[in-house]
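Chemist:
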Amino acid sequence: MPEQKTPSQWPAPPSSSRGSEPPRRRKPTALDNLLTPFRAVEAKLDKNGPLSASTVRWGLLAMAGGVTLAVLITMFVSNGFDSNRVKAHAPGAAQPTGAVAGAAFGTAKEGDCLTWTKSNASDLSKVECGSKHLFEVTADIDLSKYPGKEFGPGSRFPDSLRFSELRDEHCVSAAQEYLGGRLDPRGKFVVGLINPGEAGWKAGERTLRCGLQVSGSQGLATKPITGSVRDINQSKVYDVGTCIGIKSNLPTDPVDCAQPHAFEIVSTVDLATHFTGGPPSKDDQDKFMEDQCAKDATDYLGAPDALRNKTLTLFWDALDTRSWMAGSRSLNCLVGKGADQEGFAAITGSAKGDIQVDGQAPVPPPNNGRYTPPPLPGAVPPVIPQPR
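What the sequence shown shows, in full-length UniProt numbering, is residues 1 to 388, in sequence order.
Written out as structure tokens, the structure is:
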């Protein structure tokens, strides 16, 4: 039977080359300090055997006092609990660099105006709001404080849908607050968002800029703004003589009138000159606009029968209560032609001169009867006098 060795006979561990040096004392840690009351009790147990109930109670009280003191010291060293700042991520989370996406982007704040000329806005710059610009900042959003890990270090650059969600989630309310609750939901200004770009995102930039802009049919800022949005009429109107392009029988963006377009602006009407009280009803607006647009179209086209001879329709929009309460008061009078099925026919050339409708010269209706042009979507047909 093999010889059994007692623990005292087991081989000693190999000695270090520094075995003859006295051991170095380790600096006590915070854990050591917390465990001191336990170790005191343990030492007393080893020396004196079981403790009395009184001694145990005093030992536990000392331990509780030590733990409380350690927590207070920790709070003091770490500047305590900040109720005004909620950290979405643990230490080491991505922090905004403030300049990765460019100095203008990194320093832009509420009330600043930005502009650019390149399609990717890589030449974005900050300008005075009194000069032409494309974007007015209403708020900045720091996604590094966003709950969860979606925007943490190494996260994927969000797609356009996610940025649209963030815009709706943060920027709409920011625009309302910026304008004192007077944002016209059907006005010329729309809520926009500028992100730091994929390169900036990879470098750790997590800030977004909310703002207001004038957008085209593709949702991009297209028309320069002069002055602060806070001081500009939000009515969605165009300059007289503007032609609005057409695609798939639907209006798009302003184009030269020599190109195919859906309609042409003949005047801008200020409803405040006629309605001085609260929001007028749609019927009341229609009655007023019918007479005013008929007069303006005659002045614009140069003859009372020009609209009829060119087979065009006169039409206009209306202001709803929300727009009125936001301060919008203006509407455009327009001339165009309805398509045979739906939408608009394509008109080429200004209505002031010779035009083509869907590639053909218009044929005036006969004079031996009343002719009422087909109304466009949402349009009110003009009153055509009976031929004499």
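For glycine and all other residues, C-beta sits at the position ideal for the given N, C-alpha and C. Keep in mind that this is a model prediction, so the values were computed, not measured.
How would you call residue 363, buried or exposed, if buried means at least 16 neighbouring beta carbons within 10 angstroms?
Modeler: exposed
Chemist: If you scan the region 256 to 332 from start to end, which runs of the beta strand (DSSP E) of 3 or more residues do you find wholly inside it?
Modeler: 261 to 270, 313 to 316
Chemist: Nearest to residue 224 by CA position, among 114, 256, 264, is which residue?
Modeler: 114
Chemist: To the nearest angstrom, how far is it from the Cα of residue 175 to the Cα of residue 296?
Modeler: Rounded to the nearest angstrom, the two C-alpha atoms are 35 Å apart.
Chemist: For residue 309, I'd like the list of residues in its chain whose CB is within less than 6 Å of its CB, leaving aside the five on either flank, ordered along the chain.
Modeler: 364
Chemist: Along the chain, where does the beta strand (DSSP E) that runs through residue 136 open and close?
Modeler: 135 to 142
Chemist: Return the first residue and the last residue of the beta strand (DSSP E) that residue 182 is part of.
Modeler: Taken as a continuous stretch (DSSP letters only), residue 182 belongs to no beta strand (DSSP E), as it is neither H nor E.
Chemist: Throw me the rounded Cβ distance for the residue 163 and residue 195 pair, which I believe falls under 8 Å.
Modeler: 6 Å
Chemist: By Cβ distance below 8 Å, which residues in the same chain neighbour residue 110 in space, the five residues on each side in sequence not counted?
Modeler: 137, 138, 139, 140, 178
Chemist: By DSSP, does residue 357 sit in helix, in strand, or in coil?
Modeler: strand
Chemist: Given residue 264, which residues of its chain have a CB within under 6 Å of its CB, disregarding the five upstream and five downstream residues?
Modeler: 243, 335, 351
Chemist: Please name the residue in 184, 121, 143, 288 whose C-alpha comes closest to that of residue 322.
Modeler: Of 184, 121, 143, 288, the residue nearest in Cα terms is 184.
Chemist: For residue 324, I'd like the list of residues in its chain whose CB is within less than 7 Å of its CB, leaving aside the five on either flank, ordered along the chain.
Modeler: 279
Chemist: What does the alpha-carbon distance come out to for the pair residue 149 and residue 198?
Modeler: 18 Å
Chemist: Please identify the residue among 156, 284, 330 whose C-alpha is closest to the C-alpha of residue 270.
Modeler: Of the residues 156, 284, 330, the one whose Cα lies closest to the Cα of residue 270 is 330.
Chemist: Just to confirm, is the Cβ distance from residue 167 to residue 130 under 9 Å?
Modeler: Result no, Cβ atoms of residue 167 and residue 130 do not sit closer than 9 Å.
Chemist: Is residue 260 buried or exposed, if buried means 16 or more other CB atoms sit within 10 Å of its CB?
Modeler: buried
Chemist: Quick one: what's residue 344 bridged to in DSSP?
Modeler: 338
Chemist: Compute the beta-carbon to beta-carbon distance between residue 300 and residue 266, rounded to the nearest angstrom, for a pair I have assumed lies under 8 Å.
Modeler: 4 Å
Chemist: For residue 234, count the other beta carbons within 10 Å of its own beta carbon; 16 or more makes it buried, fewer makes it exposed. Which is it?
Modeler: buried
Chemist: In three-state DSSP terms, what is residue 220?
Modeler: If DSSP states are grouped into helix, strand and coil, residue 220 belongs with coil.
Chemist: Which two residues bound the contiguous alpha helix (DSSP H) that contains residue 162?
Modeler: Per DSSP, residue 162 belongs to the alpha helix (DSSP H) from 160 to 166.
Chemist: Just how far apart, CA to CA, sit residue 170 and residue 294?
Modeler: Going from the Cα of residue 170 to the Cα of residue 294 covers about 44 Å.
Chemist: From 302, 274, 314, pick the residue whose C-alpha is nearest to that of residue 290; which is it?
Modeler: 314
Chemist: In the DSSP assignment, what are the bridge partners of residue 212?
Modeler: 136, 191
Chemist: Output needed for residue 249: all residues of its chain with C-beta closer than 6 Å, excluding positions within five of it in sequence on either side, in chain order.
Modeler: 339, 343, 344
Chemist: Can you tell me where the beta strand (DSSP E) holding residue 127 begins and where it ends?
Modeler: 125 to 127
Chemist: Once DSSP output is grouped into helix, strand and coil, what is the label at residue 73?
Modeler: Legend: pLDDT at residue 73 = 47, less than 50; position of this residue unreliable, no value from coordinates given.
Chemist: Distance check for residue 357 and residue 147, CA to CA, integer angstroms please.
Modeler: 56 Å
Chemist: For residue 253, name the three-state secondary structure that DSSP assigns.
Modeler: Residue 253: strand per DSSP, three-state reduction.
Chemist: Drop a sphere of 10 angstroms on the beta-carbon of residue 367, count the other beta-carbons inside from all chains shown, and report buried for 16 or more, exposed for fewer.
Modeler: exposed
Chemist: Measuring straight from C-alpha to C-alpha, what distance separates residue 158 and residue 274?
Modeler: 49 Å
Chemist: So which of 268, 203, 257, 187 has the shortest CA-CA distance to residue 229?
Modeler: Of the candidates 268, 203, 257, 187, 187 places its Cα closest to the Cα of residue 229.
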